[in-house]
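Enquirer: Residues 0 to 424 (numbering that gives the first Met the number 0) are what the sequence shown spells out, left to right.
Yeah, the Cβ is synthetic: ideal placement off N, Cα and C, and Gly gets one too.
Just so you know, these numbers come straight off a predicted model, no measurement behind them.
I have a structure here, written as structure tokens, and I will follow up with some questions on it.
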Amino acid sequence: MPKRVIARKRQNGVKRFYADFRDFAPQGGTYEALKVSGERYATTDEDIAIELAARRLRELEDKRRRKVLLGVERVEGLKAFTAEHLLQKARAGKVTARWLEQTQKQLESAIDFFGADCDVASITTAGVRAYWEHLRVTSNGRGGTLSNGSQRHYLNSLSGLFRRAASEGLVLPGYNPVAALLDKPTGDAEEAKWLTAEEAALLLESARTYMPGPNFHAGPIYPLLATFLLTGGRTSEVLGLEVDDISFQRKTITFRPNEWRRLKTKTSHRSVKLWPQLEMILRAYLLEQERAGGLGRLLFPSPLSGPERLIKDFRKTLDAVAMRAGWQAGEVRSKAFRHTFTSQRLQTFSWVKTGEDDEGPVLSAIPITRFQVGKELGHGGTAMVDRVYAHLGEEQHRSEFVEYRIEHHKKALGDRLTALQCATP
Numbered sequence: 000m001p002k003r004v005i006a007r008k009r010q011n012g013v014k015r016f017y018a019d020f021r022d023f024a025p026q027g028g029t030y031e032a033l034k035v036s037g038e039r040y041a042t043t044d045e046d047i048a049i050e051l052a053a054r055r056l057r058e059l060e061d062k063r064r065r066k067v068l069l070g071v072e073r074v075e076g077l078k079a080f081t082a083e084h085l086l087q088k089a090r091a092g093k094v095t096a097r098w099l100e101q102t103q104k105q106l107e108s109a110i111d112f113f114g115a116d117c118d119v120a121s122i123t124t125a126g127v128r129a130y131w132e133h134l135r136v137t138s139n140g141r142g143g144t145l146s147n148g149s150q151r152h153y154l155n156s157l158s159g160l161f162r163r164a165a166s167e168g169l170v171l172p173g174y175n176p177v178a179a180l181l182d183k184p185t186g187d188a189e190e191a192k193w194l195t196a197e198e199a200a201l202l203l204e205s206a207r208t209y210m211p212g213p214n215f216h217a218g219p220i221y222p223l224l225a226t227f228l229l230t231g232g233r234t235s236e237v238l239g240l241e242v243d244d245i246s247f248q249r250k251t252i253t254f255r256p257n258e259w260r261r262l263k264t265k266t267s268h269r270s271v272k273l274w275p276q277l278e279m280i281l282r283a284y285l286l287e288q289e290r291a292g293g294l295g296r297l298l299f300p301s302p303l304s305g306p307e308r309l310i311k312d313f314r315k316t317l318d319a320v321a322m323r324a325g326w327q328a329g330e331v332r333s334k335a336f337r338h339t340f341t342s343q344r345l346q347t348f349s350w351v352k353t354g355e356d357d358e359g360p361v362l363s364a365i366p367i368t369r370f371q372v373g374k375e376l377g378h379g380g381t382a383m384v385d386r387v388y389a390h391l392g393e394e395q396h397r398s399e400f401v402e403y404r405i406e407h408h409k410k411a412l413g414d415r416l417t418a419l420q421c422a423t424p
């Protein structure tokens, strides 16, 4: 190794050290200055120069060995390849801007852990396991750490990067250290939570009368919560609704894929009933938006200034609304709205002609089927509905509509409604 280190005199008689790696030209070796990280010029310390040359030689020899033994010629740093990966994903046009943004954030976490210049092929399963341990203690930005489900999303993003690395020749075909992990985090299974009809009515009343502070970006919380509770849409589905997805003429709301977000499955593309209560709320909301000159493509755009974009997180506002109605912070989340809608929709009926008499057609009230409810939820069968149905409790009633009107539940709510009314200016 010392023979490779060459001392040369520079101006003012200062010796600086270089090394000759031109016999590794196919691997990128040149006549190189031996510089300490962060320094502008080659080092003047011979011992440091020898160590730097040894490290560089090992790197070049590893690249040559990979070419000869494994047939892997291209070497790419993690940061640079991540940028290329995301660019190719964007060009393919099969993912949304929101997906790209989330994946970039997750991969930036891996870059911070492994290093921007880390050779993608050098990441091993042991390294991925260490990264997983790091994710377990990573902050979620809300005073806690990443959940098991979030950890899995981070690892899945890294796994996707390795699939592209294999296709691009950076690693051997099939090499994926994330997939090789025997144990991976999985989302925590939680018991289905839902609101009763009176609780949903109380939450909507709290949202309707909520007055945010001057520096609090609340967004359209009242029509937003009403849409959740009266359609059963998933969080991403509701947040990605466009104004054109609402048809007051046909009395429907359509969940369809668009540039803002994808849908979970093929059966997720569907139309659901626009119930009278939601129609009234959305008509008033859209009229108000149009008068304010803020009617764009998205039904519920982010209140932040700048280009039109999706709402990223409304949990802070949801907590403020729920706490006014007697819940604790974090106790009510959007997943419960889907179960709430399901429980209420299962209690509805429709009028069906079953015969005729002297006065005309005879109509009978026919309960809605679980298959129809599953279809409205975007499922191909009844399995999910059956799981939710098992958690519906003792509540049994029949109604023609899904609705949560506060005037129907004043007696049942009692003190909780009184407390909300006292807290409303």
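#1: Any heavy atom of the ligand ATP closer than 8 Å to the CB of E50?
#2: Going by CA-CA distance only, name the one from E198, D243, P211 that's closest to A225.
#3: Provide the residue span of the alpha helix (DSSP H) that contains K104, from first to last.
#4: For T226, does the three-state DSSP call read helix, strand or coil?
#5: Check the DSSP bridge columns for E241 and list the partner residues they point to.
#6: Would you list the one or two residues that DSSP bridges to K88?
#7: For a quick check, are the C-beta atoms of G380 and L262 less than 9 Å apart?
#8: Touch check for the stretch 105-118 and the stretch 146-166: three-plus C-beta pairs under 8 Å?
#9: I believe R54 touches A18 by the beta-carbon criterion, under 8 Å. Please report the beta-carbon distance rounded to the nearest angstrom.
#10: List the whole-angstrom C-beta distance separating L77 from A115, where the pair is believed to meet the contact cut-off of C-beta under 8 Å.
#11: Look up T81 in the DSSP assignment and say whether it is helix, strand or coil.
#12: For E204, count the other beta carbons within 10 Å of its own beta carbon; 16 or more makes it buried, fewer makes it exposed. Which is it?
#13: Compute the Euclidean distance between the alpha carbons of A206 and Y221, then round it to the nearest angstrom.
#14: Buried or exposed: P300, going by 16 or more other Cβ atoms within 10 Å of its Cβ?
#15: Residue ranges of each beta strand (DSSP E) run of no fewer than 3 residues wholly in the stretch 256-291, ordered along the chain?
#16: List, from N- to C-terminal side, the alpha helix (DSSP H) runs of 4 residues or more that fit wholly inside the stretch 327-382.
#17: Can you tell me whether R344 is buried or exposed, with buried defined as 16 or more other CB within 10 angstroms of its CB?
#18: Ends of the beta strand (DSSP E) at T251?
#19: Helix, strand or coil, according to DSSP, for K93 in the structure here?
#20: Leaving out five residues on either side along the sequence, give the residues of the same chain with a beta carbon under 8 Å from the beta carbon of P275.
#21: With H, G and I counted as helix, E and B as strand and the rest as coil, what does DSSP make of E393?
#22: Shortest alpha-carbon distance to V372 belongs to which of R397, W350, Q346, G354?
#23: By DSSP, does D178 sit in helix, in strand, or in coil?
#24: Mind the definition here: the stretch 315-330 touches the stretch 407-422 only if three or more C-beta pairs lie below 8 Å; say whether that holds.
#25: Alpha carbon to alpha carbon, what distance is there between G292 and N155?
#26: Can you give me the Cβ contacts of T185 inside the same chain, cut-off strictly under 8 Å, excluding the 5 residues immediately before and after it?
#27: Considering only C-alpha positions, which residue in the set T208, Y153, A120, A196 is nearest to G173?
#28: Y457: which of L223, E375, G142 sits nearest, CA to CA?
#29: Tell me where the beta strand (DSSP E) around Y30 begins and ends.
#30: What residue from V237, S235, E236, T253 has the CA that sits closest to D243's CA?
Expert: Reading off the structure:
#1: As far as ligands go, the structure on display features none, and thus does not contain the ligand ATP.
#2: For the purposes of this step, residue 225 is taken as residue 226 along the sequence shown, with counting starting at 1. Answer by Cα proximity: E198.
#3: Indexing the sequence shown from 1 puts residue 104 at position 105. Taken as a continuous stretch (DSSP letters only), the alpha helix (DSSP H) holding K104 covers 96-113.
#4: The residue labelled residue 226 in the question sits at position 227 within the sequence shown. In the structure shown, T226 sits in a helix (DSSP, three-state: H, G or I).
#5: As a working mapping, residue 241 is identified with position 242 in the sequence shown. Note: E241 sits in a beta bridge opposite L297.
#6: By one-based count along the sequence shown, residue 88 stands at place 89. DSSP, once it has assigned bridges, lists no residue as partnering K88.
#7: Looking up residue 380 in the sequence shown gives position 381. Looking up residue 262 in the sequence shown gives position 263. Result no, Cβ atoms of G380 and L262 do not sit closer than 9 Å.
#8: yes
#9: For the purposes of this step, residue 54 is identified with residue 55 of the sequence shown, where counting begins at 1. For the purposes of this step, residue 18 is identified with residue 19 of the sequence shown, where counting begins at 1. Rounded, the Cβ-Cβ distance is 11 Å, inconsistent with contact.
#10: Start at 1 with the first residue of the sequence shown, and residue 77 comes out as number 78. Start at 1 with the first residue of the sequence shown, and residue 115 comes out as number 116. Going by Cβ atoms, the distance from L77 to A115 rounds to 6 Å, so yes, they are a contact pair.
#11: Numbered from 1 along the sequence shown, position 82 holds the residue referred to as residue 81. It is helical.
#12: Along the sequence shown, one-based indexing puts residue 204 at 205. Burial call: buried.
#13: Taking the first residue of the sequence shown as position 1, residue 206 is located at position 207. Taking the first residue of the sequence shown as position 1, residue 221 is located at position 222. If you take the alpha carbons of A206 and Y221, they lie about 5 Å apart.
#14: Your numbering for residue 300 matches position 301 in the sequence shown. With 16 or more Cβ atoms within 10 Å of its Cβ, P300 is classed as buried.
#15: 269-272
#16: 333-344, 369-375
#17: As a position in the sequence shown, residue 344 is number 345, starting the count at 1. Counting of Cβ neighbours within 10 angstroms places R344 among the buried residues, the total reaching 16 or more.
#18: As a working note, residue 251 is residue 252 in the sequence shown. T251 -> beta strand (DSSP E) spans 251-254.
#19: Working through the sequence shown from its first residue, we reach residue 93 at position 94. Coil.
#20: Here residue 275 refers to the residue found at position 276 when the sequence shown is read from its first residue. Counting only Cβ-Cβ distances below 8 Å, and skipping sequence neighbours, we find F400, E402.
#21: Mapped onto the sequence shown, residue 393 falls at position 394. Its pLDDT being 49, under 50, E393 is placed unreliably in this model, and the value from its coordinates should be taken loosely. In this structure, E393 counts as coil in the three-state DSSP scheme.
#22: Sequence index remark: in the sequence shown, residue 372 carries index 373 (1-based). When only C-alpha atoms are compared, the closest one is Q346.
#23: The residue given as residue 178 occupies position 179 in the sequence shown. In the sequence under discussion, the amino acid at residue 178 is Ala, which differs from the Asp named in the question. If DSSP states are grouped into helix, strand and coil, A178 belongs with coil.
#24: yes
#25: The residue labelled residue 155 in the question sits at position 156 within the sequence shown. The residue labelled residue 292 in the question sits at position 293 within the sequence shown. Approximately 41 Å between the Cα atoms of the pair.
#26: Reading the sequence shown from its first residue, position 186 is the one you call residue 185. Within the same chain, T185 has close Cβ partners N147, G148, R151.
#27: Counting from one through the sequence shown, the residue named residue 173 turns up at place 174. The candidate whose alpha carbon is nearest that of G173 is A120.
#28: No information on residue 457 is available, as it lies outside the stretch 0 to 424 that the chain covers here.
#29: Stepping through the sequence shown from its first residue, residue 30 is reached at position 31. Y30 -> beta strand (DSSP E) spans 30-32.
#30: The residue you call residue 243 lines up with position 244 of the sequence shown. Selected option, being the one with the closest Cα: T253.
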